[in-house]
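Trainee: My structure is below; once you've seen it, I'll send some questions.
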Amino acid sequence: MGPEEALRHIYSDVTSTGDWKMVSVDGSCVGNGCDSASAGAGVFWGRNSVRNRSERVPGPQTNNRAEHVALIIALLQSPPDLLLRLYTDSENVIHTYCHWIHWQIAMGWKCANADVIQYGMDLIVKRTACIEFCWVKGHSGNTSNDAADALAKKGAS
């Protein structure tokens, strides 16, 4: 089975149509790699949105984990039939869910942050609407990404 076929086997077909909702997610970790590290997740739906979130990351305090937790928060906040365009500066998040997930399953989830990655995958599988992952360059003046980054930093503090 090729990679694309393996992904189709994991993720179901979607049927929803309508307008895309945009959300920016980011993770931050102060002291990444140190025992005293502190990680936060930020989710930005738009200026003054009540859904904007800043959360401390549970478990190991790493930047990659924070990025995955931010995705999970956004997925939990959005109805499964909502078309979701998710902006992230994390190539790790995009590659994990769009390219590597079938390998993680085949290898028995022997990867860092397997718990949050599995949970993220489960939330995606339960969706009836598409998710489009969009990469944005971090710290480059993208207003929404900068807002998600500020929320993530707040969560880490």
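Residue numbers (my numbering): 4 to 160. Idealized CB from N, CA, C, for every residue including glycine.
(1) Check whether the Cβ atoms of residue 40 and residue 158 lie closer than 8 Å to each other.
(2) So what does residue 28 bridge to, in DSSP terms?
(3) Give the straight-line distance between the Cα atoms of residue 55 and residue 79, rounded to the nearest whole angstrom.
(4) Please identify the residue among 25, 124, 95 and 130 whose C-alpha is closest to the C-alpha of residue 49.
(5) Rounded to the nearest angstrom, how far is the Cβ of residue 27 from that of residue 150, given a contact under 8 Å?
(6) So, residue 81 versus residue 87, is the Cβ gap smaller than 8 Å?
(7) Measure the alpha-carbon distance for residue 144 versus residue 137 and round it to whole angstroms.
Mentor: By the coordinates alone:
(1) Taking the first residue of the sequence shown as 1, we reach residue 40 at position 37. Taking the first residue of the sequence shown as 1, we reach residue 158 at position 155. Going by beta carbons, residue 40 and residue 158 fall outside the 8 Å limit.
(2) By 1-based counting over the sequence shown, the position of residue 28 is 25. Answer is 46 and 91, bridged to residue 28.
(3) The sequence position of residue 55 within the sequence shown is 52, counting from 1. The sequence position of residue 79 within the sequence shown is 76, counting from 1. When rounded, the distance between both Cα atoms is 12 Å.
(4) The residue given as residue 49 occupies position 46 in the sequence shown. Measuring from the Cα of residue 49, the nearest candidate turns out to be 25.
(5) Here residue 27 corresponds to residue number 24 of the sequence shown, with the count starting at 1. Here residue 150 corresponds to residue number 147 of the sequence shown, with the count starting at 1. Yes, they are in contact, since the Cβ atoms of residue 27 and residue 150 sit about 7 Å apart, within 8 Å.
(6) Along the sequence shown, read from residue 1 onward, the residue named residue 81 stands at position 78. Along the sequence shown, read from residue 1 onward, the residue named residue 87 stands at position 84. It is a contact, given that the beta carbons lie within the stated cut-off.
(7) Numbered from 1 along the sequence shown, position 141 holds the residue referred to as residue 144. Numbered from 1 along the sequence shown, position 134 holds the residue referred to as residue 137. Straight-line Cα distance between these residues: approximately 16 Å.
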